[in-house]
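Numbering of the sequence shown is given in UniProt numbering, commencing with residue 1 and proceeding in unit increments. Glycine residues also receive a C-beta, built at the ideal position from the N, C-alpha and C atoms.
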Amino acid sequence: MSKISKEVEFEVDDGILMELAKSIDITKSSKINFLEFLQAFYVVNKSKYNYVDEIWCHICTVIYENKITLNKCMKYLEDTMQGKITSIHFRYILLELNKILEEQKHEKNKPLTDEQIDLLAYTVETDEKIDYVEFLNSFKPVYYI
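Structural data, given as structure tokens:
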């Protein structure tokens, strides 16, 4: 306990730990279930760059949720049948997706901002064509434990 006391800079005893456990036990079952534990130790603001993480998370979510549609559009615009498109076509497709999402006006399907589209286009831009198959396949759920 002395290590914990040094870390938090006050004396930690069994009483304090019991109070902590009671405050985590929302269901009052005298047990802390997994969901209660997760809720209690959820990191609210893990870095000073949290807003950047949120922006990238939003971009990834929009791409993932519209992956099938984007794949069809990219396949339609490619000319070599090798799964590659120009960065101009890539940006155009994202702008068109945005128009559709804006028309739907669903909170779940918030469109990307022009800045996010520019950022994404800049990130994948190369002198050669963009391998859209590889790009779209990179958007898959990741589960953390």
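Legend entry - Member of Lys-31, Trp-56, Leu-20, Thr-27 whose CA lies at the smallest distance from the CA of Phe-41: Leu-20
Inset, instruction - Would you please state the rounded distance, in angstroms, between the beta carbons of Lys-84 and Ile-130? I believe it to be under 8 angstroms. - result: 6 angstroms
Inset, instruction - Helix, strand or coil for Asp-131, going by three-state DSSP, please let me know. - result: strand
Inset, instruction - Return helix, strand or coil for Ile-26, following the three-state DSSP convention. - result: coil
Inset, instruction - Can you give me the start and stop residues for the alpha helix (DSSP H) that Glu-103 sits inside? - result: 87-104
Legend entry - Lys-28 versus Glu-7: straight-line alpha-carbon distance, rounded: 28 angstroms
Legend entry - Helix, strand or coil at Lys-84 [DSSP, three-state]: strand
Inset, instruction - Could you round the C-beta distance between Lys-67 and Phe-139 to whole angstroms and report it? I think they count as a contact, below 8 angstroms. - result: Correct: roughly 6 angstroms between the Cβ atoms.
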